[in-house]
Amino acid sequence: MCLVVLALDAHPDYPLILVGNRDEFHHRPTEAMHWWSRSPILAGRDLTAGGTWLGVTRTGRVATVTNYRDPDPPKDDALSRGQLVVDALQASDMQAFGDGLATGGHRYNGFNLLWGEPGRFYYFSNQDGPVRQLAPGLHGLSNGLLDTPWPKLLRLRQAVGEMLASGGAVTTEALLTPFMDRRPADDSSLPDTGVPRDWERMLSSPFIISQAYGTRASTAVLVAASGAVSVREQSFGVDGTLTGDQLFEW
């Protein structure tokens, strides 16, 4: 993923809500979200490295990873960051899994990982020290550290917060609507992450469109207090047109 809003115990009916956009190069082959045959995981699949960017288990555990934006070239011998999502979903002890990342995170290129279930949710970045168990409330993550105040992250965290506070119905479809926002940030508000200015401007939009790189999927996850789970994934083509819309409920 590249843009995530996480709501923990922020709604009386849904103790866990996660919404995000996956941005990627269009030439990178991908499978849409599906139940994996060899693991009880609902996730898309990156066919280059074999991992995934977001996954959900039947018990309502959720995990997602974002790359940490670094202008330096990536390490050629680094392990797959997408495998971290799979490992987090399968871990028998989530805290122990996180402690292992704290000692072995240097083997990966820069990443942020969110994982957990209602009542326990964790964050770790190999750019930012120890594992953290997150407090209730709204959290946002992009390609910086957790809750870094990038304009698009502030915009969407506010939109989700207002939706949850409104008292209206909360649906996966409604949660995805603000993530379709294609407006870039004002130049005066752009972060300085070391990429060229035109890329900084393009990447400041919640929903990115370009010929080479853009938003390829948007996903919303609702885990209810009853244990019911709803997951919607929308897929997009090069020009931002909707190419797929899947809803999974159990």
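Note that this note's numbering has the sequence shown beginning at 967, numbered continuously upward.
No residue lacks a Cβ here, since even glycine has one placed at the ideal position from N, Cα and C.
Given the structure is predicted, the values throughout are model-derived calculations rather than measurements.
### Query
Apart from the five residues on each side of it in sequence, which residues of its chain come closer than 7 Å, Cβ to Cβ, to P995?
L1013 and T1014
### Query
Can we say the segment 1040-1058 touches the segment 1069-1084, given the rule of at least three CB pairs closer than 8 Å?
Two segments are said to touch when three or more pairs of C-beta atoms, one from each, lie closer than 8 Å; by this definition the segment 1040-1058 touches the segment 1069-1084.
### Query
Should the segment 1000-1007 be regarded as contacting the segment 1052-1068, the criterion being three or more beta carbon pairs within less than 8 Å?
They touch, by the three-pair rule.
### Task
With a cut-off of 8 Å on the beta carbons, I'd call V1022 and R1123 a contact; round off their distance for me.
With 8 Å as the limit, V1022 and R1123 do not qualify as a contact, their Cβ atoms being about 21 Å apart.
### Query
CA-CA distance, A1131 and D1211?
Here the C-alpha atom of A1131 lies approximately 27 Å from the C-alpha atom of D1211.
#### Entry: Through-space distance from H977 to P1102, alpha-carbon basis
10 Å
### Query
What did DSSP end up calling W1165 once you bin it into helix, strand or coil?
helix
### Task
Kindly indicate which residue of W1116, A1178, V1161 and L984 has the alpha-carbon position closest to the one of S1196.
Checking every option, the nearest Cα to that of S1196 belongs to L984.
### Whether P1117 touches L969 by CB criterion (8 Å)
no
### Query
Within 10 angstroms of its Cβ, does T1018 collect 16 or more other Cβ (buried), or is it exposed?
buried
### Query
If you pair each beta-carbon of the segment 1153-1168 with each one of the segment 1181-1198, do three or more pairs fall below 8 Å?
no
### Task
Take E990 and list the residues in its own chain whose beta-carbon comes closer than 6 Å to its own, dropping the five residues that flank it on each side.
R1182
### Query
CB of T1159 to nearest heavy atom of the ligand NAD: below 7 Å?
The ligand content of the structure shown is nil, which means the ligand NAD is not present either.
### Query
What distance in whole Å lies between the Cβ atoms of G1082 and Y1088, which are believed to be in contact at a cut-off of 8 Å?
5 Å
### Query
Does the separation of the CB atoms of G1110 and N1092 fall below 8 Å?
no
#### Entry: Same chain, Cβ closer than 7 Å to L1142, five either side skipped, listed in chain order
Listed in chain order, the non-local C-beta contacts of L1142 below 7 Å within the same chain comprise V985, S1184, A1186, R1198 and Q1200, local neighbours out to five positions each way being set aside.
### Task
Use the C-beta contact count for S1154: other C-beta atoms within 10 angstroms, 16 or more gives buried, fewer gives exposed.
Burial call: exposed.
#### Entry: For D1231, the first and last residue of its enclosing alpha helix (DSSP H)
There is simply no residue 1231 to check, as the chain begins at 967 and stops at 1216 in what is shown.
### Message
Does T1025 pass the burial test, meaning 16 or more other C-beta atoms within 10 Å, or should it be called exposed?
### Response
exposed
### Task
Can you check the segment 1029-1113 for any beta strand (DSSP E) of at least 3 residues that lies completely inside it and give the ranges in chain order?
1077-1083, 1086-1091 and 1103-1107
### Message
With distance defined between alpha-carbon atoms, name the residue in R1148, R1163 and L1156 nearest to T1207.
### Response
R1148
### Task
Give the secondary structure of R1148 by DSSP, where H, G and I count as helix, E and B as strand, and everything else as coil.
coil
### Message
Between which residues of its own chain and D1158 is the CB-CB distance below 8 Å, once the five residues before and five after are set aside?
### Response
If the five residues before and after D1158 are omitted, its C-beta is found closer than 8 Å to the C-beta atoms of E1166, all from its own chain and listed in chain order.
### Message
Given this structure, state the Cα-to-Cα distance separating P1144 from D1038, to the nearest angstrom.
### Response
Going by the C-alpha atoms only, they are around 32 Å apart.
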